[in-house]
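Okay, structure first, notes after.
Residue numbers (my numbering): 392 to 461.
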């Protein structure tokens, strides 16, 4: 089953990685770049999508990844 991960801004300048429909963030980071790396690794391992959002909530980037074999 593929999962969609969102990289979104949070409180106090932090960046969150949250799955669609989840009430809480999977993990919180100090920078957007760290959050993007984490979300992409998850999507590559599990198969799925990553939506990177700007601070205003608009989508900045979107990628789809196939699940890695092994």
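Glycine is no exception: its CB is placed at the ideal position from the N, C-alpha and C atoms.
Here the structure is a predicted model, which means the values were calculated and not measured.
Next on the checklist: Classify residue 412: buried if its beta carbon has 16 or more other beta carbons within 10 angstroms, exposed otherwise.
Outcome noted: exposed
Next on the checklist: Taking the alpha carbon of residue 441 as the reference point, which residue from 448, 449, 427, 447 has its own alpha carbon closest?
Outcome noted: 427
Checklist entry - Looking only at DSSP bridge pairs, what is residue 454 linked to? => result 441
Item to check | Residue from 410, 456, 402 with nearest C-alpha to residue 438 | outcome: Check the Cα spacing between residue 438 and each of 410, 456, 402: the tightest is with 456.
Item to check | Cross-strand partners of residue 407 (DSSP beta bridge) | outcome: 399, 419
Checklist entry - What number of angstroms, rounded off, separates the C-alpha of residue 418 from the C-alpha of residue 404? => result 14 Å
Checklist entry - Does the distance from the C-beta atom of residue 398 to that of residue 410 stay below 8 Å? => result No, Cβ-Cβ distance for residue 398 and residue 410 is not below 8 Å.
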